[in-house]
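J.: Everything in the sequence shown is counted per full-length UniProt numbering, starting at 1 for the first residue and increasing by one.
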Amino acid sequence: MSPAFRWTWTVALSGLILAGCQTTSPQRDIDLQRLERSLDQLAGDARLGSLAPAEIARTRAALSALRESRLGGEEGTHQVYVAERLLDIAWATAQAQELENESERLQREHDRLQLQVARLDAAMARAELERQRLASQIQAEEAARLAQEAEAARLQGDEANLAAESARAEAAQARRIADAQSQAAALAKQEAALAASAAESLRARLGSLQATRGAQGMQMTLDDVAFAPGQAALKPEARAGLGKVVDFVNADAGRPIRILGHSDSTGNANANQVLSQRRAEAVRDALVAAGVDAGRITAVGAGSAQPVAGNDTPQGRARNRRVEVILEER
1 MSPAFRWTWT VALSGLILAG CQTTSPQRDI DLQRLERSLD QLAGDARLGS
51 LAPAEIARTR AALSALRESR LGGEEGTHQV YVAERLLDIA WATAQAQELE
101 NESERLQREH DRLQLQVARL DAAMARAELE RQRLASQIQA EEAARLAQEA
151 EAARLQGDEA NLAAESARAE AAQARRIADA QSQAAALAKQ EAALAASAAE
201 SLRARLGSLQ ATRGAQGMQM TLDDVAFAPG QAALKPEARA GLGKVVDFVN
251 ADAGRPIRIL GHSDSTGNAN ANQVLSQRRA EAVRDALVAA GVDAGRITAV
301 GAGSAQPVAG NDTPQGRARN RRVEVILEER
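1) Any idea if Gln-277 is buried or exposed, counting beta-carbon neighbours within 10 angstroms, 16 or more meaning buried?
2) Would you check if the segment 88–98 and the segment 47–57 touch, i.e. whether three or more CB-CB distances between them fall below 8 Å?
3) Determine, using beta carbons only, whether Met-220 and Leu-209 come nearer to each other than 9 Å.
4) Report the option in Ala-238, Gln-114, Phe-227 and His-262 whose CA atom is closest to the CA atom of Gln-306.
5) Mind listing, in chain order, the continuous beta strand (DSSP E) runs of no fewer than 3 residues lying wholly within the segment 250–330?
6) Less than 9 Å between the beta carbons of Ile-259 and Glu-324, yes or no?
7) Quick one: residues in its chain with C-beta nearer than 8 Å to the C-beta of Ala-280, no 5 flanking neighbours on either side, listed in chain order?
8) Given this structure, state the Cα-to-Cα distance separating Ala-188 from Asp-179, to the nearest angstrom.
9) Name the DSSP bridge partner or partners of Met-220?
10) Relative to the alpha-carbon of residue 362, which residue among Leu-66, Asn-272 and Gln-41 has its alpha-carbon at the smallest distance?
11) Evaluate Gln-79 with the Cβ neighbour count: other Cβ atoms within 10 Å of its Cβ, from every protein chain shown; 16 or more gives buried, anything less gives exposed.
12) In three-state terms, what does DSSP make of Arg-108?
13) So, helix, strand or coil for Gly-214, using DSSP?
14) Just grab the DSSP bridge partners of Leu-234 for me.
15) What residues in its chain sit with their C-beta under 6 Å from that of Gly-217, if we drop five residues either side in the sequence?
16) Leaving aside the five residues before and after Arg-239 along the sequence, list all residues of the same chain whose C-beta is less than 7 Å from its C-beta, in chain order.
17) Leu-39 and Leu-66: beta carbons closer than 9 Å?
18) With a 10 Å radius around its C-beta and 16 neighbouring C-beta atoms as the bar for buried, classify Glu-84 as buried or exposed.
19) Can you tell me whether Val-308 is buried or exposed, with buried defined as 16 or more other CB within 10 angstroms of its CB?
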């Protein structure tokens, strides 16, 4: 019990004692027994017995003094009255202390419950945050899954489109290859026809060669169609068609043969001279291979030094590209 409460009860007891001094108790022994039983009941009470030890001790001392007292009359009655008020104070003090203890217990329980509620609120808040996090995670994972499915579908569509495009490209490529092969076959056929025509034309021209008189004697002239463009070797059909030239030079086997190569003036002069020399030598070799005595033959390259036409037109340049087989005068 708090000191203020005890002081309040002391003041009240003093007033009661002063008031009680005017009363008397005719049954002192009966009252004493009654007070002792009440005090024993308080002291033995499981809840209250330990809550007012000082008040119980004072009351027990007062009852002991009352039992030993020989006072009678008003003084004896006053002693009983004081003891009874002390007992009342002891009971009231114990009950008040019990109420105060219960109040404190309830306050502690209230505080505990408040703390528990706060903890539960915090736990619920954490659980709600976790729920929201998991919901967001599930939503994000679902969005990612949908995005992956959409991407897979797009890739599958792209793959199908690529396959279709590849098939179309392969078909187009096959058509182009077939067209190219067809064109190549047609071109080869055309080239073969042109080559055959050119060979036939060359053979006809070689077969129609006529000897003419030149400054150094009788001669036959092979024009540039007997050679591939820019090449020194005779075409195969030209080599095979030199029979008339062979007959021409062998008609008088005692005369020396001069083979003179010519070029046009296009390009490098030195290169033109070398080409004309090599063409003259190619004709010489063909005649020797046909049985003409090599000791009779001299092969010379004149380059572009002796033109027979102007070099300003394709026709003139073609006439200048020639090889002359001259049967020299003795």
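Glycine residues also receive a C-beta, built at the ideal position from the N, C-alpha and C atoms.
T.: Judging by the given coordinates:
1) buried
2) Contact between the segment 47–57 and the segment 88–98 is present, because at least three Cβ pairs lie under 8 Å.
3) yes
4) His-262
5) 257–261, 297–301 and 322–328
6) yes
7) Ile-259, Leu-260, Gly-261, Ala-299, Val-300, Gly-301 and Val-323
8) 14 Å
9) In the DSSP output, where bridge partners are listed per residue, Met-220 has Val-325.
10) Residue 362 lies beyond the stretch modelled for the chain, which goes from 1 to 330, so this question has no answer here.
11) buried
12) helix
13) strand
14) Phe-227
15) Ile-326, Leu-327, Glu-328 and Glu-329
16) Ala-286
17) no
18) buried
19) exposed
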